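Numbering (the UniProt record's numbering), first residue to last: 1 to 332.
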């Protein structure tokens with residue numbers, strides 16, 4: 001990954017103490033790059049930022065309609081949730097709807113990121129289930145599609161019909177053949193593309209209302225579900241939830257592991273993708289907030305914005321020691 005540029009700076013006193021580098025691209029509805037930083041052709045794994053692409057076949061196949069999936073379930077299919085009760089209760093109900101159980105998942109157990117859920121687990125000396133996995137909503141979508149297809153239970157295998165449908169959607173919306181894949185934290189394959197390819201895909205989602213084909217209608221449904229239910233897409237205290245609320249449901253954003261972020265901006269027909277080279281979440285949150293501010297869709301003075309941009313560094317005595325701020329180039 002060559003030629004990354006500064007994305008987020010950590011200042012302590014008068015010294016630039018740390019610097020996070022990366023790449024970012026903004027594409028329009030024609031798939032053209034309108035702004036870029038770093039190397040637009042850097043090949044990346046979008047990780048969980050690609051969940052709305054992975055969810056497209058759930059709708060285009062007819063599975064969502066067949067099973068009567070709600071907007072909440074579609075939001076969960078795109079989610080990296082915290083394992084709070086609002087997430088796990090809904091995923092369990094979804095499994096029950098399919099006549100399946102936690103054992104049918106292939107995502108693995110995960111300790112909840114939600115503090116009340118985690119503390120309850122500790123107090124009762126209980127262990128997490130796969131439903132607590134932050135990707136369990138996506139996997140419920142995979143199971144729904146597999147059942148609709150009459151396909152086998154190992155839905156995470158790269159040659160399984162579910163994953164092949166996801167690959168086809170991925171390559172169609174990015175406009176690029178994927179050169180390779182890696183295994184994600186939830187055991188599903190994650191297909192690689194360029195930063196531009198991912199931004200192009202997000203612009204395709206952003207402009208879906210301009211088209212009437214089956215895939216575009218599905219894209220509209222997924223974006224609407226994400227913006228309608230930001231609490232299900234991530235959870236309380238999470239940047240995706242906080243910033244989508246701050247933008248009044250007009251923009252869908254989604255994080256991915258190792259410093260990835262996307263944004264879907266329907267009003268401007270723009271898509272954004274960014275990758276922080278060292279994988280730092282504090283940098284990706286700062287950078288996406290700055291780009292959204294520069295595009296005029298996020299208020300720089302909103303209290304939620306202040307949690308990720310120009311964030312004071314407080315020590316254990318609450319003394320302000322420095323700041324986490326975006327690189328100047330992101331704001332123009």
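The beta carbon of each residue, even a glycine, is placed where N, CA and C say it ideally should be.
In this text, all values refer to a predicted model and were calculated from it rather than measured experimentally.
Asked, Found
"Beta-bridge pairing of residue 12 - partner residues as DSSP gives them", "15, 322"
"Top-ranked residue by Cα proximity to residue 284, from 321, 238, 268", "238"
"Helix, strand or coil at residue 247 according to DSSP, with G and I counted as helix", "coil"
"Cutoff 7 Å; reference residue 269; Cβ partners in own chain excluding five residues on either side", "28, 29, 203, 206, 207"
"Proximity winner among 84, 175, 95, 143, relative to residue 119 (alpha-carbon distances)", "84"
"Residue 133 classed as buried or exposed, judged by whether at least 16 other C-beta atoms fall within 10 angstroms", "buried"
"Cβ shell of residue 146 (< 6 Å), same chain only, five flanking positions each side left out", "155, 162"
"Beta-ladder partner(s) of residue 264, from DSSP", "252, 271"
"Residue 158 versus 174, 131, 187, 141, residue with shortest Cα-Cα distance", "187"
"Own chain, CB closer than 6 Å to residue 219, minus 5 neighbours either side, in chain order", "205, 208"
"Bounding residues of the alpha helix (DSSP H) (the contiguous stretch that carries residue 71)", "71-77"
"Chain D contact for residue 257 (CB, 8 Å cutoff)", "You won't find chain D in this structure, because it holds only one protein chain."
"C-beta contact flag for residue 151 and residue 139 at 8 Å", "no"
"Candidates 122, 199, 308, 70: closest to residue 97 by CA position", "70"
"Residues that residue 26 bridges to, as DSSP identifies them", "35, 272"
"Pairwise C-alpha distance: residue 164 and residue 327", "39 Å"
"Host beta strand (DSSP E) of residue 232 (start-end)", "Note, residue 232: premise wrong, no beta strand (DSSP E); alpha helix (DSSP H) at 230-233."
"Reduced DSSP secondary structure (H/G/I, E/B, other) of residue 7", "strand"
"Which of helix, strand or coil DSSP assigns to residue 81", "coil"
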